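In the working numbering, the protein residues as written are 44 to 393.
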């Protein structure tokens, strides 16, 4: 397939581009290279896949020096005219939308950017897929949509109407927007609720990155809710393998779907929602212990109250992924954390 990956210089997008190229797809990567975190890391990711962005080629397609099947364009999803021209020119068969303003805590102080990127930008993607039809639109949602839900494991059939952050609300909005376009225009759309993704080339605002940086400097790590947190930590390699399988199998209508007992994860339209998680909830302190082992040093710990927007427990039900794709993320936390530490030491020369 010829696939557009938005957010291609981001954490998950970078890994997905490589996975898709290695499995025979032609890929165009798109990213606005904003400064939410150190843009040098985004540039380094691109350089690792053969792109040498100078920062001044907005709208110009660059060809990878390493992968002939990969090209990259610096572009913002909010720029509807440029996005439409790209779709018209390239004739994409598949789209994986990973571009978004991420971060729960950042949304508390910078709400406007979430509306611009996650709502307006996603609308432009939907409009492009409408006017230049694709076989399948896959887009990133988040486990944060489960919000105040306490029934675990979290299932895609559960209602998700009580988000705890604007970030989560925008992602739930994406799911609703996608359904409307699937219903009105027959666009096959699949939303993926990711659970606490971690691994090499991760974002500097993520816990594993922050913990590693602090521990190597001999500084205390900040542990919220006094350590009483459990997360379904999911290795990035498992996430991208799930996306690879899913994007090749467009969402279809559910013949059993009924409005009398509506299943939120499917529809009479070609629409589907999946969880992608390790389905093995890990106490935060066990995660910290895995990092201590990988770094061969004990962390200094500063225990703090729960942060606004956080949830104490996540656990994914991935039965839909198993049933439809014979796939279950499998990488143990100790293995994934060790791989991250090896990358971090190499990248920063520590």
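No residue lacks a Cβ here, since even glycine has one placed at the ideal position from N, Cα and C. Quantities reported herein were computed from a predicted structural model and do not represent experimental measurements.
query                                                                                                               : result
Run of the beta strand (DSSP E) containing residue 319, from where it starts to where it stops                      : 314 to 319
Distance CB(residue 210)-CB(residue 147) smaller than 8 Å                                                           : yes
Where the alpha helix (DSSP H) containing residue 287 begins and where it ends                                      : 279 to 290
Residue 85 in three-state terms, based on DSSP                                                                      : helix
Beta-bridge partners of residue 106, as assigned by DSSP                                                            : 114
4-residue-minimum alpha helix (DSSP H) runs that sit fully inside the stretch 126 to 155, ordered along the chain   : 149 to 152
Candidates 199, 229, 285 and 347, of which the one nearest residue 170 by Cα                                        : 229
Buried versus exposed, by CB contacts within 10 Å (16 or more), residue 349                                         : exposed
Start-to-end residues for the alpha helix (DSSP H) that takes in residue 224                                        : 209 to 228
Assigned secondary structure, residue 194 (DSSP; H/G/I helix, E/B strand, else coil)                                : coil
Cβ pair count under 8 Å reaching 3, the stretch 311 to 322 against the stretch 282 to 298                           : yes
Same chain only: Cβ atoms within 6 Å of residue 207, ignoring 5 sequence neighbours per side                        : 190 and 352
Check whether residue 89 and residue 52 have beta carbons under 8 Å apart                                           : yes
Runs of alpha helix (DSSP H) lying entirely within the stretch 309 to 368, each at least 4 residues, in chain order : 327 to 338 and 362 to 368
Delimiting residues of the alpha helix (DSSP H) encompassing residue 390                                            : 376 to 391
Reference residue 72; option with closest CA among 264, 48, 227 and 369                                             : 48
Buried or exposed (CB count within 10 angstroms, at least 16 for buried), residue 293                               : buried
Sub-8 Å separation of residue 345 and residue 288 beta-carbons                                                      : no
Beta-carbon proximity check, residue 325 vs residue 276, cutoff 8 Å                                                 : yes
Distance, residue 219 Cα to residue 409 Cα                                                                          : Residue coverage of the chain in this structure runs from 44 to 393, which leaves residue 409 outside it and unanswerable.
Among 314, 380, 297 and 79, nearest to residue 224 - alpha-carbon criterion                                         : 314
N-terminal and C-terminal residue of the beta strand (DSSP E) that residue 72 is part of                            : 69 to 74
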